[in-house]
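*Asks:*
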DNA sequence: AATATCTGTAACTATACTTGTTACAGTTAT
DNA sequence: ATAACTGTAACAAGTATAGTTACAGATATT
């Protein structure tokens, strides 16, 4: 229960919202599909709302809708809305600055990290929520 | 102290070994440069040894050397030797199989994960330990 | 107006992962 | 023999994630 699956849940939930068009969807309903607790969904919705990806309404007959059309939501936006960590982390302790390698390794690793982030972001930016829905539909067709 | 920095430490340590050519390097010495405990280094060496990247010798005057030349060690090999997690994780619980989205989302996300892994791997494969050392040396020159 | 139904959010627990640390068995050079 | 290493087990500490309960606040319905 330790690794971050927020992005996976986010894509799942957003696909559900896209399927419901403009009808508000309740966190209970989404939680059942994801197989988790409604509060987990509502917490996630908070991040998605801050990123302007969804709109929620409180009260009876409340729920959540997409804030944009599926083809206007890239997976990069979703990722940035919920992601926390990088592909690899720097060591938290400062290396020995008296060592030629220790003094410079963080700069080199930082550059590598930036390059990797870039290709990941490019890949994520190349897909929208619409693409996800279409892939899901293809799977549905294949299965039936 | 929670995110995995094994890859960063591995690159740091391997760069140190490359700099010492065929001289055996002790875990105490490496630990000082990385600013951590020698056991952390020895544990990491275990993974690197399994991946045939280093050779160690026990006993007095023991220590570790590179098993190959720096230009023959790609960062992808290093990453695969130590990495554990993916860029994003699947939700651990199985989604509701009675829901059209729930039934298919894992397949779609798995495909995305594979694509992302591929571009990350390509990027990592494009660099060797030699490139890292050269970048470090460049930094040294810049600083002095 | 009263009620039922939602979201938003705080607080707490459980679990798992990573690192740091101590300790010691086994190996090797001197 | 002794000293100096690695390999590795065992445990503590810190932190991140998710699950859960509880409740305040908002809103539609009656």
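Residue numbers (my numbering), protein chains in the order written: chain L, 2 to 145; chain B, 2 to 145.
For glycine and all other residues, C-beta sits at the position ideal for the given N, C-alpha and C.
Computed from a prediction, not measured in an experiment: that's the story for all the values here.
1. In chain order, what residues of the region 69-101 of chain B put their CB closer than 7 Å to some CB of chain L?
2. Anyone know if the C-beta pair for residue 102 of chain L and residue 82 of chain B falls short of 9 Å?
3. Can you find a CB in chain B that lies within less than 9 Å of the CB of residue 24 of chain L?
4. Please list the residues of the region 2-19 of chain L that have a C-beta atom closer than 7 Å to any C-beta atom in chain B, keeping them in chain order.
5. Alpha carbons only, please: which of L:56, L:53, L:65 and L:85 is nearest the one belonging to residue 39 of chain L?
6. In terms of residues, what are the limits of the beta strand (DSSP E) holding residue 62 of chain L?
7. With 8 Å as the C-beta to C-beta threshold (strictly closer), list the residues of the region 108-138 of chain L near chain B in chain order.
8. Please classify residue 96 of chain L as buried or exposed, where buried requires at least 16 other C-beta atoms within 10 Å of its C-beta.
9. Could you please tell me which residues of the region 27-56 of chain B, in chain order, have their CB closer than 8 Å to any CB of chain L?
10. By a C-beta neighbour count over all protein chains shown, 10 Å radius and 16 as the cutoff for buried, is residue 113 of chain L buried or exposed?
11. Report the three-state DSSP secondary structure of residue 26 of chain B (helix, strand or coil).
12. Using the three-state DSSP reduction, which class does residue 1 of chain L fall into: helix, strand or coil?
13. Taking only runs of the alpha helix (DSSP H) that begin and end inside the region 73-120 of chain B, which ones reach a length of at least 4 residues, in chain order?
14. Can you look up residue 54 of chain B in the DSSP assignment and give me helix, strand or coil?
15. Counting C-beta neighbours from all protein chains within 10 Å, is the total for residue 124 of chain L 16 or more, i.e. buried, or is it exposed?
16. What distance in whole Å lies between the Cβ atoms of residue 92 of chain B and residue 6 of chain L, which are believed to be in contact at a cut-off of 8 Å?
17. Do you know whose CA, among B:22, B:14 and B:23, lies nearest residue 30 of chain B's CA?
*Replies:* This is what the structure holds:
1. 86, 88, 89, 90, 91, 92, 93, 94, 95, 96, 97, 100 and 101
2. no
3. no
4. 2, 4, 5, 6, 8, 9, 10, 12, 13, 16 and 17
5. L:65
6. Segment: none, residue 62 of chain L is in no beta strand (DSSP E) and carries neither H nor E.
7. 108, 109, 110, 112, 113, 116, 117, 120, 121, 123, 124, 125, 128, 133, 136 and 137
8. buried
9. 33, 34, 35, 36 and 37
10. buried
11. strand
12. The shown model of chain L, from 2 to 145, leaves out residue 1 of chain L, and the question about it has no answer.
13. 76-83
14. coil
15. buried
16. 4 Å
17. B:14
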